[in-house]
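Numbering of the sequence shown is given in our numbering, commencing with residue 20 and proceeding in unit increments.
Note that CB positions come from ideal geometry on N, CA and C, so glycine has one too.
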Amino acid sequence: MTAILSNLQATRQAIAQAAQAAQRSDAEVRLLAVSKTFPAAAVREAYRAGQTAFGENYLQEALEKIDALRDLPLEWHFIGPIQSNKTRPIAEHFAWVHSVDRLKVAERLSAQRPPQLPPLNVCLQVNVSGEQSKSGVAPEAVVALAQEVARLPHLKLRGLMSIPAPASDETEQRLPFARMRAIFEKLNTLGMGLDTLSMGMSHDYPAAIREGATIVRIGTAIFGQR
Ligand SMILES: *Cc1c(COP(=O)(O)O)cnc(C)c1O
């Protein structure tokens, strides 16, 4: 058995266990395999092990991989920081964008989404830990941004994404994820109909699943150290 196959199996099992511990069905939690810095051959191997959704951070690298793997029915998610002059290839080549954090970027993605493609699925990235250095909209500005983004014709606002500050144990890890869940529920109380909470990485995804994550974004635990 290859390392990627056994890592994927172990990760899926851990997701199922965390879901069960939270009294949730594991069908509610999607695994996004984060393949940044790993070659197309590694993605191909993960596909053979049944994985179809992949996340990428760096646009140029992602576009090369998408092209090299166009024979496979993969679903590509852009999860990295977005420069507003680089939105067109994102709008053209991805099914999802998790890292929208300002209106200008959302407007450009909507305007540049090819009309023959389905609407681009987007999540708003929230700077839930309030770190100066991190991208993401401030928690108190999420409602206003969500209302603007929801009006854009070629986007489908699906939910929220976050990368909290690292914490050592599961109790600490759960605090920012619980805050995310509260923001998500507030938006749905306002009638936004969101279905996605993209949160949890290799070191903290069990905590995220406990707090309602519907997509976990996992790189290292599947592909190894970068
Ligand atoms: C790299 C990255 C991940 C995956 O991180 P791991 O710790 O390798 O699981 C998830 N989300 C984002 C936004 C990333 O940049």
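Complete alpha helix (DSSP H) runs within the segment 143-195 (minimum length 4 residues, chain order): Taken in chain order, the whole alpha helix (DSSP H) runs of length 4 or more contained in the segment 143-195 are 161-168.
Alpha helix (DSSP H) segments (min. 4 residues) lying fully within the segment 50-102: Complete alpha helix (DSSP H) runs here, min 4: 59-67, 78-87.
Enclosing beta strand (DSSP E) for T21 [first to last residue]: Within the sequence shown, residue 21 is the residue found at index 2, counting from 1. Unbroken run through T21: none, as it is neither H nor E.
Among T215, E150, A186, the one whose alpha carbon lies nearest that of K175: By 1-based counting over the sequence shown, the position of residue 175 is 156. Minimum Cα distance to K175 is reached at T215.
Residues near S129 in its chain [Cβ-Cβ closer than 7 angstroms; skip 5 each side]: Start at 1 with the first residue of the sequence shown, and residue 129 comes out as number 110. In the same chain as S129, and ignoring 5 residues on each side of it, the C-beta atoms closer than 7 angstroms to its own belong to L171, P172, H173, L174, in chain order.
Buried or exposed (CB count within 10 angstroms, at least 16 for buried), N104: Residue numbering aside, residue 104 sits at position 85 when the sequence shown is read from its first letter. Label assigned to N104: exposed.
R236 (DSSP reduced to helix, strand or coil): The count along the sequence shown starts at 1 and reaches residue 236 at position 217. Of the three classes helix, strand and coil, the one that applies to R236 here is strand, per DSSP.
For S17, three-class secondary structure by DSSP: Any question about residue 17 goes unanswered here, given that the chain covers just 20 to 245.
Selection from G219, N76, E64, R198 that minimises the alpha carbon distance to V147: Your numbering for residue 147 matches position 128 in the sequence shown. Checking every option, the nearest Cα to that of V147 belongs to R198.
9 angstroms Cβ cutoff met for I241 and L27: The residue labelled residue 241 in the question sits at position 222 within the sequence shown. The residue labelled residue 27 in the question sits at position 8 within the sequence shown. In contact: I241 and L27 (Cβ atoms closer than 9 angstroms).
Endpoints, the alpha helix (DSSP H) within which H112 is located: Locating residue 112 in the sequence shown gives position 93, counting from the first residue. Where H112 is concerned, the enclosing alpha helix (DSSP H) stretches over 106-112.
Three-state secondary structure assigned by DSSP to S217: If you number the sequence shown from 1, residue 217 lands on position 198. Residue state for S217 is assigned as strand, using DSSP reduced to three classes.
Secondary structure of L139, DSSP reduced to three states: Taking the first residue of the sequence shown as position 1, residue 139 is located at position 120. Of the three classes helix, strand and coil, the one that applies to L139 here is strand, per DSSP.
Three CB pairs or more closer than 8 angstroms across the segment 114-123 and the segment 134-149: The segment 114-123 and the segment 134-149 touch, with no fewer than 3 CB-CB distances between them shorter than 8 angstroms.
Three-way DSSP call (helix, strand, coil) for E230 in this model: Here residue 230 refers to the residue found at position 211 of the sequence shown. The answer is coil: DSSP assigns E230 none of H, G, I, E or B.
Whole-Å CB distance - S221 paired with G243, under 8 angstroms assumed: Reading the sequence shown from its first residue, position 202 is the one you call residue 221. Reading the sequence shown from its first residue, position 224 is the one you call residue 243. In this structure S221 is not in contact with G243, their Cβ atoms being roughly 10 angstroms apart against a cut-off of 8 angstroms.
Around ligand 1, Cβ to any heavy atom closer than 5 angstroms, ordered along the chain: Output, sorted by chain position: V53, N76, I98, M220, S221, R236, I237, G238, T239.
Pair within 9 angstroms by beta-carbon distance, Q70 and L50: One-based indexing of the sequence shown puts residue 70 at position 51. One-based indexing of the sequence shown puts residue 50 at position 31. At a Cβ-Cβ threshold of 9 angstroms, Q70 and L50 count as neighbours.
Contact belief for I228 with A65 at Cβ below 8 angstroms, rounded distance in angstroms: On the sequence shown, position 209 is the one that residue 228 refers to. On the sequence shown, position 46 is the one that residue 65 refers to. Contact between I228 and A65 is absent: CB atoms are separated by about 20 angstroms, not below the 8 angstroms threshold.
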